[in-house]
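**Student:** In full-length UniProt numbering, the protein residues as written are 1 to 156. Cβ atoms here follow ideal geometry from the backbone N, Cα and C, with glycine treated the same way. It should be emphasised that the depicted structure is a prediction, and the values quoted were computed from it without experimental measurement.
1) Please go through the same chain and pick out, in chain order, the residues whose beta-carbon is closer than 7 Å to the beta-carbon of residue 77, but skip the five residues on each side of it.
2) Taking the continuous alpha helix (DSSP H) assigned at residue 21, which residues delimit it?
3) Counting contacts by CB-CB distance shorter than 9 Å, is residue 137 in contact with chain B?
4) Starting from the C-beta of residue 112, find all residues in its chain whose C-beta is less than 7 Å away, skip the five residues before and the five after it, and write them out in chain order.
5) For residue 113, report the span of its alpha helix (DSSP H) as first-last.
6) Return the CA-CA distance between residue 49 and residue 115, expressed in angstroms with no decimal places.
7) DSSP beta-bridge partners for residue 76?
8) How close, in whole Å, do the beta carbons of residue 23 and residue 96 come, if the pair is a contact with beta carbons under 8 Å?
9) For the candidate residues 32, 62, 138 and 33, whose alpha-carbon lies nearest to that of residue 40?
10) In the DSSP assignment, what are the bridge partners of residue 124?
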């Protein structure tokens, strides 16, 4: 048994075959290997209207996952939050999906993904690349992908 639980977290995710790194990188806007309040603020500002980047809400989100109380969410802490999703029925990725689903139709479509890639600095993603991702997620260009489909895309 590991006193910090970090090794146990890595092993449990590996045993389940889950890799949350792509999802982590979606939120880690400055690519410094940790999610800060500024990263969350930038994430929400890139997709949502005014009022969704409330400092109190963002602070609460950080504090829920920040086990070592350093003010940041490192990958292992992020992984723990996502693993708990199945136990509590809610999770960070549902929130990511909601933010990416700009029109609120329950699907992330072509325009949603193109907008995200442009905002995130992945301007080299062609329309054909985006269409291929949607197809890999089990959707099509017109319908987009469901939450489960987005998880498939992020896992690639």
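**Tutor:** In short, the structure shows the following:
1) Here residue 77 refers to the residue found at position 77 when the chain shown is read from its first residue. Counting only Cβ-Cβ distances below 7 Å, and skipping sequence neighbours, we find 65, 66 and 67.
2) On the chain shown, position 21 is the one that residue 21 refers to. Run containing residue 21: 21-27, per the alpha helix (DSSP H) assignment.
3) Within the model displayed, chain B is absent; a lone protein chain is all it includes.
4) Residue 112 sits at position 112 when you count from the first residue of the chain shown. So the list reads 100, 101, 102 and 144, once near-sequence residues are dropped.
5) If you number the chain shown from 1, residue 113 lands on position 113. Run containing residue 113: 110-119, per the alpha helix (DSSP H) assignment.
6) Taking the first residue of the chain shown as position 1, residue 49 is located at position 49. Taking the first residue of the chain shown as position 1, residue 115 is located at position 115. Residue placement at residue 49 cannot be trusted, given a pLDDT of 49 that sits under 50; what the coordinates show is reported in the next sentence. Residue 115 has its alpha-carbon roughly 14 Å from the corresponding atom of residue 49.
7) Walking along the chain shown from the start, residue 76 turns up at place 76. Per DSSP, none; premise fails for residue 76.
8) Against the chain shown, residue 23 aligns to sequence position 23. Against the chain shown, residue 96 aligns to sequence position 96. Yes, they are in contact, since the Cβ atoms of residue 23 and residue 96 sit about 7 Å apart, within 8 Å.
9) Translated into positions along the chain shown, residue 40 becomes position 40. The shortest C-alpha separation from residue 40 is found at 62.
10) Residue numbering aside, residue 124 sits at position 124 when the chain shown is read from its first letter. DSSP, once it has assigned bridges, lists no residue as partnering residue 124.
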